[in-house]
Each structure stands twice: as structure tokens, then as C-alpha cells.
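Student: Just passing along the structure, written as C-alpha cells.
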Amino acid sequence: MKKRVFIKDLKASAGQEVMIKGWIDVRRDQGKMIFFDFRDMTGKVQGVILPSAPEAHKVGSTLRSEWVVEVVGKVNTRPERAIQKDKFNGDIELEILSMIVLNEAETPPFDIHSDTREINEEVRLKYRYVDMRGERLQKNIRNRAKVVTYIRNFLAGINFTEVETPLLTKSTPEGARDFIVPSRLEVGSFYALPQSPQQYKQLLMAGGIERYFQMAKCMRDEDTRGDRQPEFTQLDMELSFADEEEIMQITEQLLIQIVAELYPHKKIQEVPFPRIPYAKAMAEYKIDRPDLRADKNDLNLLAFCWVIDFPFFEKNEKNANGTSKNGTGAGTSNWTFTHNPFSAVKPEFNEKLMASSAGSEDMNTLLAAQYDIVLNGYEIGGGSVRNHKPESLLKVFEIMGYDKETVENNFGHMLHAFKSGTPPHGGIAWGFDRLMMILENEPNIREVMAFPKTGEGRDLMMNAPSSVSGDQLRDLGIMIKKPEASK
RNA sequence: GCGGCUGUAGCUCAACGGUAGAGCACUCCCCUGUCACGGGAGAGGCCGUGGGAUCAACACCCAUCAGCCGCGCCA
């Protein structure tokens, strides 16, 4: 039995008989001769059935696009006039001696050779496994993996430890709405899926891991955008004994090297990345994630910048529809956090913080030790030095109007950890899908995710969410109350 | 929660107040150097769903569903 040869390696076998396995990419039937393009994960090659192979011809004439085949043939260099200079494997072809059909395929629902971004996304998402065979999604998914591998190696090289944190965790009154998971063993109680591993990574610092990272799945039950999915991936990092400068340096260095090593055709507009205070960004660009590109039509231009010096607190104002910012995380006072209740204020504001209370004025003048990384107008990451002193964290919650019981119930473990020898620490989380979207010149993050959801949070391929059986509901003590018929 | 755009053949689209058409794909035939192969024939439609005005609706009106984009929201 011959060993399978990858299509990209065929040229090395010129003149020999080999076996390939893959898909029929295209068939061009000329009667006496049939041409195919075969495709595997490594590339494409033309195969030809010559009149001298009647058995192969008999099989070959039945084959159609996307059938899966095993082909034995001889690797020939093409005659001069048949060479396709600009095509991969354009100078060789496989003279087909025999073929076996491994699986047939229905006519594909759309042409995977077209730019499928032009195709109705409902169809693409329903048949994602077909769409994924196209060149672009193949490239995006594989390049994503290369970037992840690069990140792992980089961080491992500077003493980071990758740790998996739980997906079944606790609902906390933080910013976004939680996805909740009912408990069977404790009917009436619920887990929540993490919006980020924020507390766990800080507790890893309390646990002496010192340098942690994770390609972390995060879930937020909020409405989507082109750059937001209910489920997404963060490169999550946390470092003990680090200040703003060190965390920003590591981030910047890693980003620069990813571009240099994996996207060498792209150029970074300015290094080191410019740092823009939040107040200046709002004054000059009217936005906290300015697009600094000198030429916005240049697809290879990457304009990174840092936005720094964010106010820690902002006014806790109700919207027209009665919802307030930070969801259930908003306390009862006039103030709420802008980004993260666990951030520290910049050292020079510490005294003022400790002297403040829920009724204090000018809380918005306190600046946080916090930084966002922005690329071409997208926020691709953010982090802060954390508040590792229990009394400061208590003060922050007091200013937001949390009562002691709420703080103890939701954050008692954090406070206790901070009283148990937690080193000063800080970190950052990258919106990894957004970074990949920009690096791959895609218009939305669905194009760099293998199995994205629709804007309404549906998985059209799996048909999720969906109802569950009565038994399942009974186990969980859940009764579904049908919504009132709308009039 | 709100606003905008879209929904017609498998896919991409067109048309028209009087029961639908193209390109590609598909099926069959022809073709010995194609590579977006070519030539010929054919099949394929509850015009997203429900209601309404009209002699008559795919078209106009209302509702609803779905997809996309954005606002709110997104520590």
C-alpha cells in the first residue's frame, strides 16, 4: 500500500507513482480526457486521465465537485505549452492511474471558489463546514493558529504559565449580562459562564503563579456587532510585581514581533506606539479608540496606539429605556466604574480615593492605572494595574454604593485573598478575534472564527439555542413560562 | 429595546399591478491538452411567512420571521 503524499510535496516525487487523498476541486471533462483539480489541506494539483487508462476513466467520469477521493498516479512534469507559471503546481500534473471514491458529495449549496463574503450569510453559516473549505477561511483559520502558537512560544519564553480557568463559575454584578447555567445538583442555583477570567487570574496572582496567560473563551450575553460575538477569545495575561510600563512593554513587543514574523508585508505606522491620554483622545478625536492611520485605504498599514489615563469613575446615568451602564454592576450611588472595579487608581490619586465616599463630588477626576491598546480604530485590548489592597477595593465599592453584605457575598474571596499576601499585580486582555480580523483584512470577526453565531446569537448550523426535553427541565426544577401573546 | 438595509431557481441577481427571466451550478449528449475549458439540449420557482386594500399582488399597505449594518448596551 502506498503512503499518502501531500499535494504540496508532489513536485519532489516527479516521475514516481504516488497516492494522494483529497477533494475534487474542479472537474473538466473533455470526453476522451478528463482533467481534475484535486485539493487537500496543503494545496491543489491538476490530475489528468489519459485515454490509456480506461478503468480510471470509467470511475473518473462519474466524479463531481467535492467528492472525496483516493488517487494513485504518476507525477509528470508538464509539457512546455501546458505549464501554468502563476499557479501552484502549475508545472506538474498527476497522470491518474486509478481512483477510489471515499465519499460522494451533494452539489455544494454555493460555489466555494467565489468570495463567499458575497454570499448570503445565513447559507454560509448553515453550511459552515462547506464554506470553510474555501481558500479564505482556510487561510484565516490556519493563520489564527499560527499567531496563537507564536504567542504561546513568546510568553513561555519569558516565564509565563498557561492556566485554564473554569467555565462554570459565579454570576457577579459586573458589567455585561451573564449567560447562566442551571445547576442540577443544587436546584434553583445557577452557574454563570465567565465574561472574562478576571477574578481567577487575580487569584492566580494571589496563588503565586506570578505570570499567567490563557487563550480564554469569554461569554457576554449582550447584543452583537461586526466586531462582537456572544462568545469570543481573549489573550488574557496577568503579571505580579509589574507596573503599567512593564505590561505595556510586553504587549507592545509581542504585537511588533507577531507582525514582523507572521505578517511581514504589513507595516506598523509608529513605534513605539503613541500614548494618548483619554482626555486628549476625546478632545481631538471625539472617541476613545482613534484611528490614527495616515492612509485609511492602505490595507497593510497598522496604526497601534495606547489610550491611557482613563477616569476611574463616571456618572451612573440612566438611559432613555431605563437601563444603566454596567448592568447589574451599578451600585446605588451616582458613580460607577468606567472599565473595571478591580483597577487601581494611579498612585498620586490614592490619597484622594481613600478620602472619598459615595456622596463625593469630582470622582471623575480620579485617574485609573489603566490602558487600552487600539489598532486602526478598534479597541483590541485593555488592562490595568489592579487594586491589591483590601481597603482600597472596599472603598471603590463604597463609592459605587454597594452595601457591605453585597461586597462580602460577591467579592469576599477577593478581599480575603488580598489579606492573605497577594503581590501587587496587573494585566491585560486582548480581543484576539479583533486583532485577527484586522491582520487578515476582514470586515468582521466572524471571518476569523471557525463557527461564529449570527447577530441574534444563533448557531444556524447546530440550530442553537433550542428547547430541551421535559426530563431535562424537571431535573433542573425549571418550568418555562410562555411569553404573553403580543397584541 | 431602537433605527436602517435586505429576503424571487442551489448560488448571484433582474423584471413587472395582469401567474417570472439571466449568468453560474445541476442532469444528459458531443469534445485528446483543458485549467473560470468549450459546444448543444434539458430540468428546476407557494417570489420568507400571515393578513389587508384591489377585478387582479412577487410588486402596494400592515404585521411577523430571518440575515446584515449601526445606536443603546458591551467591567
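Take any residue in the first sequence, count from 1 to its spot, add 1: that is its number in the working numbering. Glycine residues also receive a C-beta, built at the ideal position from the N, C-alpha and C atoms.
1) Going by DSSP, what residues sit across from residue 217 in a beta bridge?
2) Excluding the 5 residues preceding and the 5 following residue 480 in the sequence, name in chain order all residues of the same chain whose CB lies nearer than 8 Å to its CB.
3) Between residue 72 and residue 95, how many whole angstroms is the CB-CB distance? I'm expecting something under 8 Å.
4) Return the chain-ordered ranges of every beta strand (DSSP E) run that is complete within the region 91-120 and spans a minimum of 3 residues.
5) For a minimum of 3 consecutive residues, which ranges assigned as the beta strand (DSSP E) are wholly contained in the region 247-297?
6) Rounded C-beta distance between residue 78 and residue 97? I'm assuming under 8 Å.
7) Once you ignore the five residues that flank residue 423 on each side, which residues in its own chain have a CB closer than 7 Å to its CB?
8) Just verifying my parser: in three-state terms, what is the DSSP assignment at residue 38?
9) What is the DSSP secondary structure of residue 363, counted as helix, strand or coil?
10) Let's test the definition: count the other Cβ atoms within 10 Å of the Cβ of residue 162 and tell me whether it reaches 16, buried, or not, exposed.
11) On the three-state DSSP scale, how would you describe residue 351?
12) Looking at residue 428 and residue 383, is the spacing between their C-beta atoms short of 8 Å?
13) Could you tell me which of 294, 237, 391 sits nearest to residue 342, measuring between CA atoms?
14) What is the DSSP secondary structure of residue 407, counted as helix, strand or coil?
15) Which residue or residues does DSSP assign as beta-bridge partners of residue 68?
16) For residue 264, collect the residues of the same chain with a Cβ closer than 7 Å to its Cβ; drop the 5 residues on either side in sequence, then sort them by chain order.
17) Between which two residues does the alpha helix (DSSP H) harbouring residue 199 extend?
18) How big is the Cα-Cα spacing for residue 357 and residue 400?
19) May I ask you to report which of helix, strand or coil DSSP gives residue 164?
20) What separation, rounded to the nearest whole angstrom, lies between the Cα atoms of residue 476 and residue 469?
21) In whole angstroms, give me the CA-to-CA distance for residue 447 and residue 131.
22) May I ask you to check if the CB of residue 281 is nearer than 7 Å to at least one heavy atom of the ligand FAD?
23) Is the beta carbon of residue 5 less than 8 Å from the beta carbon of residue 25?
24) Within 10 Å of its beta-carbon, does residue 488 have 16 or more other beta-carbons around it, so buried, or fewer, so exposed?
25) Do residue 62 and residue 35 have their CB atoms nearer than 8 Å?
26) For residue 336 and residue 109, I'd like the C-alpha separation in whole angstroms.
Tutor: Well, looking at it:
1) Translated into the one-based positions of the first sequence, residue 217 becomes position 216. Residue pairing by DSSP places residue 217 opposite 235 in a beta bridge.
2) Within the first sequence, the letter at position 479 stands for residue 480. Excluding the 5 residues flanking it on each side, residue 480 has same chain C-beta neighbours closer than 8 Å at 474, in chain order.
3) By 1-based counting over the first sequence, the position of residue 72 is 71. By 1-based counting over the first sequence, the position of residue 95 is 94. 7 Å between Cβ atoms; contact.
4) Annotation: the region 91-120 contains the following complete segments of the beta strand (DSSP E) (minimum length 3 residues), in chain order: 93-104.
5) 276-278, all fully within the region 247-297.
6) Translated into positions along the first sequence, residue 78 becomes position 77. Translated into positions along the first sequence, residue 97 becomes position 96. Rounded to whole angstroms, the Cβ separation of residue 78 and residue 97 is 16 Å, and the two are not in contact under 8 Å.
7) In the first sequence, counting from the first residue as 1, residue 423 sits at position 422. These residues qualify, in order along the chain: 206, 207, 389.
8) The residue labelled residue 38 in the question sits at position 37 within the first sequence. Look at residue 38 here: in three-state DSSP terms it is strand.
9) Locating residue 363 in the first sequence gives position 362, counting from the first residue. In this structure, residue 363 counts as coil in the three-state DSSP scheme.
10) Here residue 162 refers to the residue found at position 161 of the first sequence. With fewer than 16 other Cβ atoms within 10 Å, it is exposed.
11) Looking up residue 351 in the first sequence gives position 350. The answer is helix: DSSP assigns residue 351 an H, G or I state.
12) As a working mapping, residue 383 is identified with position 382 in the first sequence. As a working mapping, residue 428 is identified with position 427 in the first sequence. Not closer than 8 Å, so no.
13) Within the first sequence, the letter at position 341 stands for residue 342. The shortest C-alpha separation from residue 342 is found at 391.
14) As a working mapping, residue 407 is identified with position 406 in the first sequence. Helix, per DSSP.
15) Here residue 68 corresponds to residue number 67 of the first sequence, with the count starting at 1. DSSP, once it has assigned bridges, lists no residue as partnering residue 68.
16) As a working mapping, residue 264 is identified with position 263 in the first sequence. Excluding residues up to 5 positions away in sequence, 440 lie with their Cβ nearer than 7 Å to the Cβ of residue 264 in the same chain.
17) Numbered from its first residue, the first sequence carries residue 199 at position 198. From DSSP, the alpha helix (DSSP H) with residue 199 extends over 199-207.
18) Mapped onto the first sequence, residue 357 falls at position 356. Mapped onto the first sequence, residue 400 falls at position 399. Residue 357 and residue 400 have their C-alpha atoms roughly 7 Å apart.
19) Residue numbering aside, residue 164 sits at position 163 when the first sequence is read from its first letter. Three-state result, residue 164: coil.
20) Indexing the first sequence from 1 puts residue 476 at position 475. Indexing the first sequence from 1 puts residue 469 at position 468. Just so you know, the alpha carbons of residue 476 and residue 469 end up roughly 11 Å apart.
21) Looking up residue 447 in the first sequence gives position 446. Looking up residue 131 in the first sequence gives position 130. The alpha-carbon atoms of residue 447 and residue 131 are separated by roughly 15 Å.
22) Judged by which ligands are present, the structure shown has none, so any question about the ligand FAD falls away.
23) By one-based count along the first sequence, residue 5 stands at place 4. By one-based count along the first sequence, residue 25 stands at place 24. Judged by their CB atoms, residue 5 and residue 25 are not nearer to each other than the 8 Å cut-off.
24) In the first sequence, residue 488 corresponds to position 487, counting from 1. At residue 488, the pLDDT of 31 sits below 50, so the modelled position is not reliable; the number obtained from the coordinates is stated separately. Around the beta carbon of residue 488, fewer than 16 other beta carbons sit within 10 angstroms, so the residue counts as exposed.
25) Counting from one through the first sequence, the residue named residue 62 turns up at place 61. Counting from one through the first sequence, the residue named residue 35 turns up at place 34. Taking the C-beta atoms as reference points, residue 35 is found nearer than 8 Å to residue 62.
26) Position 335 of the first sequence holds residue 336. Position 108 of the first sequence holds residue 109. Cα to Cα, the separation comes out at about 55 Å.
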